[in-house]
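Accompanying notes for the structure given below.
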Ligand SMILES: [Mg+2]
Ligand SMILES: [Zn+2]
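Numbering (the working numbering), first residue to last: 810 to 998.
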C-alpha cells in the first residue's frame with residue numbers, strides 16, 4: 810500500500826532561522842511544539858521527511874560533516890520529544906549549479922517518494938518560502954505556507970502560522986477523509 814507523507818522544509822519551519830540558519834549543532838534551536846507536531850503526524854501514519862536547501866555547503870561556508878552533525882542533532886531532539894523523522898534530504902549544491910534537487914525543483918521529493926512508495930496526491934509540503942511551495946506544487950503535493958496570509962505565495966493551498974497549527978489542519982483533513990471512506994464502505998455493504 811502507498812504511504813502518505815509530510816515533507817518539511819527545515820529553516821523557519823522546524824528551527825529558528827531569522828535569515829541565519831545554524832552552522833553548528835549548538836546553534837540549532839527548535840521552534841515551539843515541533844517535536845510534538847511530528848509525533849502527532851506519526852500517530853496518523855504519515856512518513857516524515859525533511860527536504861532542505863543547504864547551498865552553503867557547496868559554496869564552502871559549511872562542511873558536509875557539520876551539516877550531518879546538525880541533522881543528527883535535529884533527529885535526536887525530535888525523538889526526545891516523541892517524534893520520528895524518517896529521512897532528511899539536503900541539496901548541498903551551489904545555488905546556481907542547475908541541479909535537479911534544489912527547491913523549487915521537486916527532485917528531493919520525487920527521490921523520497923520513489924524510495925518509500927509515497928502517494929504524493931495524499932501528501933503535504935510545508936514551507937516558509939516560495940521555493941518550498943513551488944517544489945510541493947511541482948510534485949503534486951498539497952502545500953501549506955508557514956507565515957502570514959499577506960506573505961503567502963498565491964499558489965499555496967493553505968496558510969498557517971507554525972507547524973503545530975499546520976499539523977492540526979492536516980489531521981482535520983485526513984480525519985474527514987478516513988470518515989468518508991468508512992462511510993462509503995458502509996454504504997457499499
Ligand atoms: Mg525555510
Ligand atoms: Zn542539488
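We treat Cβ as the ideally placed atom computed from N, Cα and C, and that holds for glycine. What you are looking at is a predicted structure, and each value in this text was computed from that prediction instead of being measured.
Put simply, of 901, 923 and 882 the residue whose alpha carbon is nearest the alpha carbon of residue 856 is 923. For residue 966, the three-state secondary structure derived from DSSP is coil. With fewer than three CB-CB distances shorter than 8 Å, the stretch 945-952 does not count as touching the stretch 832-845. Runs of the beta strand (DSSP E) spanning 3 or more residues and lying entirely within the stretch 920-984 occur at 933-936, 951-955 and 967-969, in chain order. The closest heavy atom of ligand 2 lies 7 Å or more from the beta carbon of residue 967. The beta-carbon separation of residue 848 and residue 892, rounded to 4 Å, stays under the 8 Å limit for a contact. If the five residues before and after residue 889 are omitted, its C-beta is found closer than 8 Å to the C-beta atoms of 844, all from its own chain and listed in chain order. Excluding its 5 nearest sequence neighbours in each direction, residue 980 has C-beta neighbours in its own chain below 7 Å: 849 and 853, listed in chain order. Taking C-beta atoms under 8 Å as the contact rule, residue 937 and residue 955 qualify, at a distance of about 4 Å.
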